[in-house]
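Here's the structure, in structure tokens; my notes come after.
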Amino acid sequence: MEKDEIHLRRLPAAAPWGPHGDSEFHGVDFLPEDLSEAPEETGMRVNKKYSCLPAEEKGIHIINIRAIEDIGYDQHESTLLNSLSKNPDADCKYGLYFRDGKRKVDYILVYHYKKSSAGRTLARRPQQNDASVRSTRQDQPLPGKGVQLEMGDTEPHMDYHEDDKRFRREEYEGNLVEAGLELERDEDTKIHGIGFVKIHAPWNVLCREAEFLKLKMPTKKMYQINQTHGLLKKINSVIQKITEPIQPKVAEHKPQTVKRLSYPFSREKQHLFDLSDKDSFFDSKTRSTIVYEILKRTTCTKAKYSMGITSLLANGVYSAAYPLHDGDYEGENVEPNDRKLLCEEWASYGVFYKYQPIDLVRKYFGEKIGLYFAWLGVYTQMLIPASIVGIIVFLYGCATVDENIPSMEMCDQRNNITMCPLCDKTCSYWKMSSACATARASHLFDNPATVFFSVFMALWAATFMEHWKRKQMRLNYRWDLTGFEEEEEAVKDHPRAEYEAKVLEKSLRKEHKHKEKHRYFPEETANKWRQRVKKVMAGVKLTDKEKLTWKDRFPAYLTNFVGIIFMVGLTFAIVFGVIIYRISTAAALAISSTPSGRSSVRVTVTATAVIINLVVIIILDEVYGCIARWLTQIEVPKTDKNFEERLIFKAFLLKFVNAYTPIFYVAFFKGRFVGRPGDYVYIFHSFRMEECAPGGCLMELCIQLSIIMLGKQLIQNNLFEIGIPKMKKFIRYLKLKRRRSLDHEEHMKKKQRYEVDYNLEPFAGLTPEYMEMIIQFGFVTLFVASFPLAPLFALLNNIIEIRLDAKKFVTELRRPVAVRAKDIGIWYNILRGIGKLAVIINAFVISFTSDFIPRLVYLYMYSENGTMHGFVNHTLSSFNVSDFQAGTAPNDPLDLGYEVQICRYKDYREPPWSENKYDISKDFWAVLAARLAFVIVFQNLVMFMSEFVDWIIPDIPKDISQQIHKEKVLMVEVFMREEQGKLQMLETWKDKDKRKGENCNNHSPRLSRSRSGSLSSCHSYPLDV
């Protein structure tokens, strides 16, 4: 055997199966290359409290055990059972309980296994008498790589990696048993090659962890919730009767008049809590949360490598870990459960008109998911008034379109206004009356009411944020989260598997350099090895001594910066490509000889370009989501919370740029850098920049916004969310069907609950759900001046979205681990930022994109009779066709049937007969000053009004603040009564002791002298209160 290998002794067959180390052991750091130099430190220490090994086996060498194939599971104290009985389903309710039908399954670990050629599974192995030799190299960077395996002749050939994973599972599950959990294994399932470990947390473990997590639990003390009186009470009763048909039929949604006082659970104060029914005191959500915390805290230690549940999942030791759903949600003879109730009263399109049972959602999925659906419900409710006002604004535009003087002048053919060509050579002169339809349609969205609607939507956004803060506080009070601080959760946040692996890699590099440096100093090295091993044996993790600095992350930061810049540049390049497409297509369609073809050029080009933009946006959205995740992964954030926040920031930045860049171009850049006839601006010296229609670019902005918003919601948010899970589910069904055909007996068995849940899609987090709603919120607020119907379409989408997401969570996804949270986190700051940005963007849209400001300037400065007559002629400049540059004049100047001397174009410039012909006129500067003044006034006025709304509406409702104060007072009273009870008990004991002493003093002196020991014992009566 080579010098750097370790001989391992096999556990004796008589030794019961047990954990290979205490829960405090976190892994061996580095061992000397020659074990003879440090013989004392190489033995593994086992916690005596949990040790199942005989005394003579306490010092057994089990460091770096690989591929020990014949270690089996003995049923020690009924904690880990090989449940291979054939018909126990009726007792365990098809997987919801252990085989005994009493212990509930709180969590499931899933793993892949391979059967040997002899047909023996890894779960049951007969013990071999021969001690096969296993050896591993001690200087490998990670377990399972570059390891030599010496197999005995009597052993069937097994895959080394499978044995390595199996041993890690054995050690990890042993540590879970040490932590107090109870396990049961099941490999006799319908799914071929899949094994399940069922986990149950007994009562003492639940109490211990609930105290550690500071879970607030309801006490016996109940108090009356303050009720409204007088007129408010009557109004509330009327509202309740009116809204009764739209209330969900669940017990949790009914108005409550009393509430239990909650207090962080403590084993010393169990008398405060109602423990009459211990089975239901901790619900399934709380039990799974507790088990998950233990899973994260427990590690699998093996030489240089320490692995928690996240690392085990990432390395394929376990393929999945999840809590179970409460039962089936459909079918005959299904027992009533919360999942079935949620499916009927929440995750059904038939109840779209009802309120959501938010309390039941929180009870089943946890506070974080409950807050998401509560926020989505509040957002959808707030869209109702915005939709109504948007419809009124749109109807106002429809009602006044025939009274709009500028559009009437554009449609009047008697004006005979000849416009300059839209492109060089191929385009000819055209009549302004041909753009009549566009001008009339523009008025539907470009009218004085849109200014009011922009102000309204800015105040609506501020009101929505304040309303949500108040709703959030009500939920925090109802869900007992008022004293919960997320900083406490951050302290318990465990490092991610990728972070631990990166730190391990860094420490290995340091150790390698250290070994190279001290290669010629063996004695000093051996001493350091001994110190290092002693530290490890004392429970010091290698990853605790190292951490990643900014120098370690600098390449990742640089990659992030370059990657994001590249992606933003790619988005701009695609928008630029669409601009080239619009220009070239417009020129190509203008060659058409048919008048109808020439008249529909603008509509055709706009519609096709927007569809191209929509397809590109949908594709890039998926690509950017993957790239944002990859960029976040290479940063290696330490905790899941840091990972989520960085991922949200990158994904939102890229998706925001992707979704809004085409809209920003139409709103603020199109038609701004065109030039003038005879001096146009060209791209690549061949493509002339496109210009807006005579009615302005607002109509085109409306088309762009509506198609992108509706298409994105219909295709990406709904079809993808429905279609992709269905497709994945169908693929899994085909795979399972192929496996079932190989084993008919497995196919005939009814599936257990954990098998059914394993076939569901794993929960991927709330980031995609929030992201699509935040982007939609941007469509509703940022450019609402150009599309007043945006809130209406968002409302219709959200009514479907709520039920779609609910159905997905209840029926399509595995049950997620419940996570405590008191707010929606970073998303609230993003919403506030979008609300502030919306005020600025709408101010610029009204002043620069629409014709609202030019109309006001004309009405109050240039109109002769105080009306809008002559406005169109005022906004058009004149051009002498003889001033065309060579090669840019129309090929067919007589296309209109007469020779054109002067053509018109939309701009404020001097006429050709003035001294400074074609220079910018003073009217341009007057309009520009008015536009800038409007932006400043509008922005500051609306910001002030928004801040006023924010200030006048308190964040915490008055009744909730009173109830929180009342809870604190009641809790103080409870403890004061408890202290008074203790004092009374103490006084009672003192009185008894005093009377006993007096009785002793009343005895005769002779008797007292003879019984002095008894007298002294009277006065030394112990008090234990």
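If you're matching positions, the sequence shown starts at 544 in the numbering used here and goes up one per residue.
We treat Cβ as the ideally placed atom computed from N, Cα and C, and that holds for glycine.
Just so it is clear, the structure is predicted and the values come from calculations on it, not from any experiment.
Give the range of the beta strand (DSSP E) segment to which residue i is assigned.
i	result
Leu1419	1419 to 1423
Cys1446	1445 to 1449
Ala864	863 to 865
Phe739	737 to 743
Pro928	Not the beta strand (DSSP E): Pro928 falls in the alpha helix (DSSP H), residues 910 to 943.
Tyr1042	Here Tyr1042 belongs to no beta strand (DSSP E); instead the alpha helix (DSSP H) covers 1040 to 1060.
Leu1335	Not the beta strand (DSSP E): Leu1335 falls in the alpha helix (DSSP H), residues 1333 to 1350.
State the Cα-Cα distance for the pair residue i and residue j, rounded to the nearest angstrom.
i	j	result
Leu965	Val1424	14 Å
Glu730	Phe739	6 Å
Met962	Ser1127	20 Å
His1057	Asn858	28 Å
Arg1375	Trp1011	12 Å
Leu724	Leu867	17 Å
Leu1526	Lys1535	14 Å
Ser1420	Pro1454	6 Å
Thr1068	His814	Residue confidence is low: Thr1068 scores 48 on pLDDT, short of 50, so the model does not pin down where it sits. Its coordinate-derived value is still stated next. Rounded to whole angstroms, Thr1068 to His814 spans 58 Å at the Cα level.
Phe1109	Trp746	55 Å
Phe1336	Ser827	38 Å
Glu811	Asp1366	31 Å
Ala1381	Phe1387	10 Å
Leu1113	Tyr915	33 Å
Glu1030	Ala1364	Confidence is the limiting factor: at Glu1030 the pLDDT is only 48, short of 50, which leaves the residue's position unreliable, though a coordinate-based value still follows. Cα to Cα, the separation comes out at about 11 Å.
Asp707	Ala864	19 Å
Taking the beta carbon of residue i as the centre, do at least 16 other beta carbons fall within 10 Å, making it buried, or is it exposed?
i	result
Lys797	exposed
Leu1101	exposed
Ser780	exposed
Glu1298	buried
Glu713	buried
Gln899	buried
Lys759	buried
Phe1104	exposed
I need the boundaries of the alpha helix (DSSP H) containing residue i, first residue and last residue.
i	result
Thr762	Element bounds for Thr762: not the alpha helix (DSSP H) but the beta strand (DSSP E), 759 to 767.
Glu727	Element bounds for Glu727: not the alpha helix (DSSP H) but the beta strand (DSSP E), 725 to 729.
Cys970	No alpha helix (DSSP H) holds Cys970; DSSP gives it neither H nor E.
Leu1484	1465 to 1495
His986	979 to 988
Tyr650	It is not in any alpha helix (DSSP H) - Tyr650 instead sits in the beta strand (DSSP E) that spans 650 to 655.
Gln494	Residue 494 lies beyond the stretch modelled for the chain, which goes from 544 to 1568, so this question has no answer here.
Lys1184	1183 to 1207
Gln790	Here Gln790 belongs to no alpha helix (DSSP H), and DSSP marks it neither H nor E.
Helix, strand or coil for residue i? Go by DSSP, reduced to three states.
i	result
Glu1304	strand
Met1232	coil
His704	helix
Gly1378	helix
Ser805	strand
Asp955	coil
Leu1584	The chain is shown from 544 up to 1568; residue 1584 falls before or after that span and cannot be answered.
Glu1178	helix
Gly893	helix
Arg1021	helix
Gly1218	strand
Phe1104	helix
Tyr898	coil
Arg646	coil
Thr844	strand
Leu1529	helix
Hey, residue i and residue j are a contact pair by Cβ (cut 8 Å); roughly how many whole angstroms apart?
i	j	result
Tyr1042	Lys1181	5 Å
Ser950	His986	5 Å
Leu1248	Ser1329	6 Å
Ala982	Cys941	Actually they are not in contact, since the Cβ atoms of Ala982 and Cys941 sit about 15 Å apart, beyond 8 Å.
Asn1385	Val1327	7 Å
Val1353	Tyr872	6 Å
Is residue i close to chain C? Criterion is C-beta to C-beta, closer than 8 Å.
i	result
Val921	This model lacks chain C altogether, as it is built from one protein chain only.
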